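Below is one structure; the comments refer to it alone.
Numbering (full-length UniProt numbering), first residue to last: 1 to 126.
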């Protein structure tokens, strides 16, 4: 895994081609020291050192990942990562009114395409 600032920026550029991201909150690792190459300065937020609560969503996601991969796990397969990603994307969240991120993202895209009067209930059949 390449954690250089250049590698992080390349990955972010790929993500930005598919998704609209308005801002980013990062820690103070050197891999984030060139975010201004991708985002304008007013959209970049840095957490204070040793203040993980300033990146609350990130810490919550780390906790969810640790349910499947304990800290210190050295190797994972792409299949394991895909499973965890799918599980997290289908996990209902209080901040989304107990909808999953996948459901919320799907509904947001429908509303953008067809207007905000679209209402639908998704049933996960997996």
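Glycine included, each C-beta is placed from N, C-alpha and C at the ideal position.
All values reported here derive from a predicted model rather than from experimental measurement.
In the three-state reduction of the DSSP assignment, residue 47 falls in the coil class. The closest CA to that of residue 47, considering only 98, 41 and 55, is found on 55.
If you ignore the 5 residues before and after residue 101, its C-beta comes within less than 6 angstroms of the C-beta of 89, all in its own chain and listed in chain order. Taking C-beta atoms under 8 angstroms as the contact rule, residue 98 and residue 64 fail to qualify, at a distance of about 16 angstroms. For residue 23, same chain residues with a beta-carbon under 6 angstroms away, outside a window of 5 residues either side, are 43 in chain order. Considered as a whole, the segment 38–98 harbours 44–46 as its complete beta strand (DSSP E) runs of no fewer than 3 residues, in chain order. A Cβ-Cβ distance of about 5 angstroms is found for the pair residue 9 and residue 37, placing them in contact under the 8 angstroms criterion.
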